Structure formats: C-alpha cells, structure tokens
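Number 246 in the numbering used here belongs to position 72 of the sequence shown; there are no gaps in the numbering. Ideal Cβ positions, reconstructed from N, Cα and C, are used throughout, including at glycine. Predicted model only: the values in this text are computed from it and were never measured. As structure tokens, the structure follows; a few thoughts come after it.
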Amino acid sequence: MQVVKVPEAHGEGLLRQLYSLYVVFKNIRHEKVVFDFQDVKWIFPTLILPIASYIYYTDSDFLPPIRPDVNSYLTIINFPKGISSASELKKRERSYIPITLLNDDDPIERAKLQSEFLEMIYKVLAPSVEVKNAIYYPIEELVENIFQHSQRNEGFVFAQYYPTKKFLELSIVDRGIGIANSYKKRRGLEVSDEEAIKLALEGYSAKDDSRGYGVRTSKRVICEGLGGEFLLISGSAAFYSSNDNNLMYKLPDFYWDGVIISYKIPKPKHPVDIYSFLEG
C-alpha cells in the first residue's frame, strides 16, 4: 500500500496549508493509502479534515505521530472517525472541538449536531463583542451547500481555536461531485474547475434558487467583516481570498472529489453586522 508522508506545518497562513494539501493529495484520488504522521509536530484543521474524510471514504489507514502530545491531540479530536451524535458532542471537553460528521440521513439529528457544533465554536472563541451572526452564518451556509449540491449525505466539519495566537481555523469538507460537476448536472454547463469556482463566487447557483449567494456572502463576511482568510478547493482548482488578495490556482496532478473550504479568522475585536453583506 502506498505510504503518503504528511508534512510538517510551515506557517499558519492558509496558502501554506494549501501547499501541504497539494503535497499530500498530489497523484492520489481514490487509492487506499497509509498517511504517515510520524514526524508531524504541528498540524492544522485545513489538512487534518481532508485526510480524515479521505480515510473515511477509501478505508485508508494512518501511522500515528511519534510525539505523544500530537498523538494525544489526534485522539482528543476523534481523528479520523469523528463524532456523529449530538449527545456525544455535548459531553466533550469544550477546549477541543472534535471532528464532526454531519449525516443528512437523519435531518433532525444532523440539525442538533450542527447546532451543538456552532455553540462549541462560539464558546471556545468567547468573543467580547456581538458577532454571533457573523460566526454562525458562514458555517450554516457553507454546510448547507454540501447537502444541496454534493450528492452526498455526509459532510465533515472541524475547527480549532488557538488562544495564544488568538485565531480560529475552521474547515468544511465533502467528498461529493464537486462544483463543476454540479453545474454540469443541474445546469448543463461544461466549465472548468476554475470557471466553476468563479461562478459560485459570483452567486450563480447550480439550482434554481438563491443558494449560490451563500458562498459569495460567506466569503465576504469572513474576509471583510471578520478580517480573515478564505480558501476553497474543488477538483483541480483552488481559490484564496483575504482583504488584500483574490488568487486562483490550477493544481496539476491533483483532483479533490467534492469541496474543501477552510477559513481563518482572528478573535473579533468589534461587532460585525452581516446584513450589509447579504445579497439576493
């Protein structure tokens, strides 16, 4: 079985995480592999969650980190299986948010689990100003996109707050049909992965509704409202955004079936009114 070495994190920015993702998933798509964490000393949600999702769908395996603290961290966050029960999530230690598997086979349980996850995020972030709508809105919208467009009943969410550095990193992952294939299936559009991401960011929905605005508006809330970074990957393309940059990347020899969305926000210092960002 192929062994895929998981690289050490070199920096906190999402572009650094994109590079790590590219290194890990280059030239693998559906193969059963072994992810080698042995030398990892630090790792972020943007890399942890796609690996957990890949293991879930391909029955792949992993070699645990040699360092006891890193190995313990992966255990605490329920890597790779995650938690799929609202009651189980409610019992968890609040300082660590585990990997959470949302399953739409039971919409009521999924809603309870998602609500519990949102509450954990807000309590861990513990903002001193009113930003609940700004924190909740992107998660709710981006998760809903999984069940609207991916043609999968499962989606993964995971976040980590770093109190000394005062930032939150959150990742949302599905292993569905991806954005370009969603446009092809629902709209009859033949577009590249880069073009599909651009359409999604322009608010063009693959369905006959206003759901397409969810990605666009969520990005604005994250980057403009909360001063964060935003990363979206689908197929062979990646889009990165911050207040200063909007960058599209083509990823040769890389293909992610579905969507990876990650964002990083500093601890809010001022209230954020999301209504100025809402559209359509």
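Note down, in chain order, each residue of its chain lying with its Cβ closer than 7 Å to the Cβ of residue i, except the 5 sequence neighbours on either side.
{"i": "aspartate 427", "result": "Lys200, Asn201"}
{"i": "proline 442", "result": "Pro301, Val303, Val305, Leu400"}
{"i": "valine 197", "result": "Pro181"}
{"i": "tyrosine 335", "result": "Val298, Leu299, Leu342"}
{"i": "valine 446", "result": "Val305, Ala308, Gly399, Leu400"}
Count the other CB atoms, across all protein chains shown, that sit within 10 Å of the CB of residue i; report buried if there are 16 or more and exposed otherwise.
{"i": "tryptophan 243", "result": "The amino acid occupying residue 243 in the given sequence is aspartate; tryptophan does not appear at that position. That one is exposed."}
{"i": "lysine 339", "result": "exposed"}
{"i": "isoleucine 240", "result": "exposed"}
{"i": "asparagine 355", "result": "buried"}
{"i": "glycine 185", "result": "exposed"}
{"i": "arginine 203", "result": "exposed"}
{"i": "histidine 323", "result": "buried"}
{"i": "asparagine 420", "result": "exposed"}
{"i": "proline 440", "result": "exposed"}
{"i": "isoleucine 282", "result": "exposed"}
{"i": "serine 246", "result": "exposed"}
{"i": "aspartate 233", "result": "exposed"}
Could you tell me the distance, in whole angstroms, from the CA atom of residue i to the CA atom of residue j?
{"i": "tyrosine 357", "j": "leucine 425", "result": "20 Å"}
{"i": "glycine 350", "j": "arginine 326", "result": "5 Å"}
{"i": "aspartate 418", "j": "arginine 390", "result": "16 Å"}
{"i": "leucine 458", "j": "serine 450", "result": "Coverage of the chain is limited to positions 175 through 454, which leaves residue 458 absent and any answer about it impossible."}
{"i": "lysine 215", "j": "glutamine 191", "result": "15 Å"}
{"i": "glutamate 262", "j": "proline 238", "result": "24 Å"}
{"i": "arginine 361", "j": "serine 269", "result": "43 Å"}
{"i": "glutamine 288", "j": "phenylalanine 330", "result": "11 Å"}
{"i": "threonine 285", "j": "glutamate 318", "result": "For the record, residue 285 in the displayed sequence is alanine; it is not threonine. If I take the Cα positions, the gap works out to 11 Å."}
{"i": "glutamate 376", "j": "lysine 206", "result": "36 Å"}
{"i": "glutamine 176", "j": "cysteine 397", "result": "38 Å"}
{"i": "phenylalanine 211", "j": "alanine 370", "result": "33 Å"}
Does DSSP put residue i in a helix, in a strand, or in coil?
{"i": "proline 445", "result": "coil"}
{"i": "serine 415", "result": "strand"}
{"i": "asparagine 420", "result": "strand"}
{"i": "glycine 352", "result": "helix"}
{"i": "glutamate 369", "result": "helix"}
{"i": "aspartate 278", "result": "coil"}
{"i": "aspartate 431", "result": "strand"}
{"i": "glutamine 176", "result": "strand"}
{"i": "valine 207", "result": "strand"}
{"i": "aspartate 233", "result": "coil"}
{"i": "phenylalanine 330", "result": "strand"}
{"i": "serine 436", "result": "strand"}
{"i": "serine 227", "result": "helix"}
{"i": "tyrosine 335", "result": "strand"}
{"i": "valine 303", "result": "coil"}
{"i": "valine 214", "result": "coil"}
{"i": "glutamate 283", "result": "helix"}
{"i": "glutamate 343", "result": "strand"}
{"i": "glutamate 457", "result": "This structure gives no information on residue 457, because the portion of the chain shown stretches from 175 to 454."}
Identify, in the order they occur along the chain, each residue of the same chain with its Cβ nearer than 8 Å to the Cβ of residue i, setting aside the five sequence neighbours on each side.
{"i": "glutamate 315", "result": "Gly388, Val389, Thr391, Ser392"}
{"i": "proline 272", "result": "Ile250, Ile251, Asn252, Gly256, Ile257, Leu263, Arg266, Phe332"}
{"i": "glutamate 364", "result": "Lys358"}
{"i": "histidine 444", "result": "Val303"}
{"i": "isoleucine 229", "result": "Phe209, Asp235, Phe236, Pro254"}
Output needed for residue i: all residues of its chain with C-beta closer than 6 Å, excluding positions within five of it in sequence on either side, in chain order.
{"i": "aspartate 235", "result": "Val208"}
{"i": "arginine 394", "result": "Phe451"}
{"i": "tyrosine 310", "result": "Leu292"}
{"i": "phenylalanine 321", "result": "Asp278"}
{"i": "isoleucine 225", "result": "Phe209"}
{"i": "tryptophan 430", "result": "Ile407"}
Does the stretch 214-223 touch the stretch 338-351, meaning 3 or more C-beta pairs lie closer than 8 Å?
-> yes
Does the stretch 293-301 come close enough to the stretch 428-438 to have 3 or more Cβ pairs within less than 8 Å?
-> no
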